[in-house]
Structures are given as structure tokens and as C-alpha cells.
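In this text, residue positions in the sequence shown follow full-length UniProt numbering: the first is 1, and each later residue adds one.
Ideal Cβ placement from N, Cα and C applies to all residues, glycine included.
Working notes, structure below.
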Amino acid sequence: MITPYRIDVPQADLDDLHERLSRTRWPDEVPGTDHGVPLARVQGLVDHWRTGYDWRAHEAELNAFPQFTTTVDGADVHFLHVRSPEPDALPLLLLHGWPGSVVEFLDVIGPLADPRAHGGDPGDAFHLVIPSMPGYGLSGPTREAGWGADRMARAYVDLMNRLGYPRYGAQGGDWGSTIARTIGALAPDRVVGVHLNYLPTAPADLDDPSEAELARLARTRAYLAAPAGYLVVQTTRPQTLAYGLTDSPVGQLAWIADRVAAWADPAGLVPDDRLLTDVMLYWLTGTANSSARLHFESGRSRGVPLPCPVPVGVAVFAHDIVLPVRRLAERAYPVAHWSEFDRGGHFAALEVPDLLVGDVRSFFRGLAERAGVGGQ
């Protein structure tokens, strides 16, 4: 059963948040060190959170889009379902990762679903399905072990079946990239193509590598040799971490803001209100623990990924965590489209929505099977 959904956070929850923020117990900081997100940055965000940020305005922005919930494989799944006014639009899954949410896609929904109203070609329209990952945000916590990326991919295939879409595409970054590729592997007869804005390629030997390829390989090796602290903790001790993040809104904010600062374009393209709205979805739903468990579960099952036989499009943004090497990507996937951008980072839909929209349109426009798959 699919049930309409509307966000309506009790005022008592917002009052509790405001009270907790007002009595934050701040840590010290050693000047001139880089031990994490700076104290002044977090204090500035918290001051804005308390005195300037308007949750009700952002709640209304989210509620402007049709939202639904359903239960898939025992887990609640919240999703936005935005039908295009163009009847032959292609259904498209938009898939976020950690520490993201459906908030990432707010600025791309209009241009993708209704290009005619945004100066685009109506032939590039999409019916959009934008799930909150099980265990994340408005989907609420998962209640049992085993919710890794593969299981999430199966849940999304089931969701698209329920919505009556016989053919569709998928787009994702971060975990959404892994899940999108897995969906292509699970349902190759239904998935038209997969567009990715994050595709790590494992270092391997190349004949006559260019300087750019060598730099990317070195960057990936350095990242693998010294993985970020969040990854080590969430892959091994998510329960221990969750006590602090679930009890302290400033702890939850700092944990997410640290990754946004590390992975986004240093030009500062992520608006603070978007960042805070993303944090709110974790805080209000108490999903710090269940969202972190994805790293634990997927870390346990990590192995050789399923082959993805459908066409793959890749958009590379210059400030992402690691940058893929095209020749290595083409060894593993049927790459049909490749773009490189000199701005933007890991959160492309938030940072450079115009570039991401253009690239998604271009990739799916180029697929021979694009037309006539609009579904129900």
C-alpha cells in the first residue's frame, strides 16, 4: 500500500531543539590545528539555527512536492513522486547517499520534471521518484540488521514495480551511485540507463598513463591508505557514535558539516539553510544510528560488485572525494557518456544543480530507448 504523506513536525520537537541549542556545551579548540570542523564555523551555524533559520518555511518547501510512504521488505520508505506534465516523460530514480537526503534534489526537481517551464526541451522531461533511503530521514530508522546497499537496490526495484513503471532510469551519487549500479544489474531489462555523479575506480595498472591519470590514481591510493575518520567509525562502531549524535543536535550538525566541508567545492556552494535542513531531517527523525549502519552493513558484505550491463553516464566534478579514471571505468562498465566539470564537488545537486541537470538530460537524451517509456 502506498500512502500520501505530509511533513508536520510537532512544535514541541522544535521547542526542544531550540532549548538544547541554547545550552550547548562547547569544546575547546587548539589554535592553528586542523582536527575537524572549526569551532567558529559550528558556532556560527548554531547561532543561525537558533535565531534565523525557519524550519516551517523549509517544511513548506518540501511539502510543495507530492510525498508518499510505503513498506518494502519490512522497512518504511518515504519518497517524493513528482510526475511531469509531459506524458511521455521518462521515469527516473534520484538517489542520495550519506550524509544526504531528499533535500539535495530540491533545486533540480523543477528543471528535470518540467523543462518546458524552465527554458528547456519538453522531450527531456522526467517523472521523478526520490526516495529517502531506508534508515534515513523521513523513512525513519530501520529495525533490523541487513540493510546494506544491495538490499536497498532491491527495495527500489520493488518500489518502481509498485508505481507501475516498466522502464526507467536511475541517477545517484555517493551511496546512490552504488545503489543505482546495483539496480541496473538487478533489472537490466527495465533500466534504460544509469547516470552517476560519483564513481570511484580502484587503482590498477594502465599502459602509458597520462599525468592526469597518475594524479587521480595517487589521490585514490592516498584516500584508501588513510580513510576518513567517519568511515572507520561508522563501519565499525555506529552504535557507540549514535549516542552523541542522537542526544546532541550540535553533535549531529558538526558530524555532517565536517563532511560537507571536506567533500564540497571550497567555493562554498552549499547554502547554510540547505545544510541545516538536511541536518534537521536526521535530527527530527532520530536516524543518526540507522543511517550510519549502512556503512557497517555494506562493509560486511563488500565484495566484487554485480556487473552493470546497462549504459552508464558519468559526470565528474572537480572537487569530489576521488576522481575516476575513464579507462578504468570503461573496463568495468559500458560507459556511454562522460563529462568533466571544473566546479562542484560531492554534492552536485546541491552545489551545481544547473550542471547536473544539463548532464542528466544529455545522457538520457542520447539513449536510443529514451522515447515512449513514460509508464503510469
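Buried or exposed by the 16-neighbour rule on C-beta atoms within 10 Å, applied to residue 170: The residue in question, residue 170, is buried, as its Cβ has 16 or more Cβ neighbours within 10 Å.
Three-state secondary structure assigned by DSSP to residue 65: Of the three classes helix, strand and coil, the one that applies to residue 65 here is coil, per DSSP.
3 or more residues per run - each beta strand (DSSP E) lying fully within the region 279-315: The beta strand (DSSP E) runs lying completely inside the region 279-315 and spanning 3 residues or more number zero.
Reference residue 310; option with closest CA among 95, 8, 196: It is 196.
Straight-line Cα distance separating residue 213 from residue 207: Approximately 11 angstroms between the Cα atoms of the pair.
Residue from 72, 87, 91 whose Cα sits closest to the Cα of residue 159: Nearest option by C-alpha distance: 72.
Closest by C-alpha distance to residue 363, when choosing among 99, 105, 124: The residue with the shortest Cα to Cα distance from residue 363 is 124.
Span separating the alpha-carbon of residue 372 from that of residue 120: For residue 372, the pLDDT reaches just 47, beneath the cut-off of 50, and the residue's location in the model is therefore unreliable, leaving the point undetermined.
Identity of the residue in 320, 357, 333 nearest residue 342 by Cα: Residue 342 has its Cα closest to that of 320, out of 320, 357, 333.
Within the region 100-137, ranges of the alpha helix (DSSP H) (whole runs, at least 4 residues): The DSSP assignment places 106-113 as complete runs of the alpha helix (DSSP H) inside the region 100-137, in order along the chain (cut-off: 4 residues).
Whole-angstrom distance between residue 198 and residue 224, CA atom to CA atom: If I take the Cα positions, the gap works out to 16 angstroms.
Beta-carbon proximity check, residue 290 vs residue 147, cutoff 9 angstroms: Taking 9 angstroms as the cut-off, the Cβ atoms of residue 290 and residue 147 count as close.
Integer Cβ distance of residue 344 from residue 273, believed to fall under 8 angstroms: Under the criterion of beta carbons closer than 8 angstroms, residue 344 and residue 273 do not qualify as touching, at roughly 19 angstroms.
Given 8 angstroms, three or more beta-carbon pairs between the region 229-237 and the region 348-361: Segments in contact, no.
heavy atom of the ligand PLP below 8 angstroms from residue 229 C-beta: For the structure depicted, the ligand PLP is absent and the ligand set is empty, with no information on it obtainable.
At least 3 beta-carbon pairs within less than 8 angstroms: the region 80-90 vs the region 45-53: Because the criterion of three Cβ pairs below 8 angstroms is not met, the region 80-90 and the region 45-53 do not touch.
Beta bridge counterpart(s) of residue 377 as assigned by DSSP: In the structure displayed, the chain extends from 1 to 376; residue 377 sits before or after that span and is not available.
Beta-carbon contacts of residue 295 that lie in its chain and below 8 angstroms, excluding the five residues immediately before and after: Counting only Cβ-Cβ distances below 8 angstroms, and skipping sequence neighbours, we find 98, 231, 234, 235, 238.
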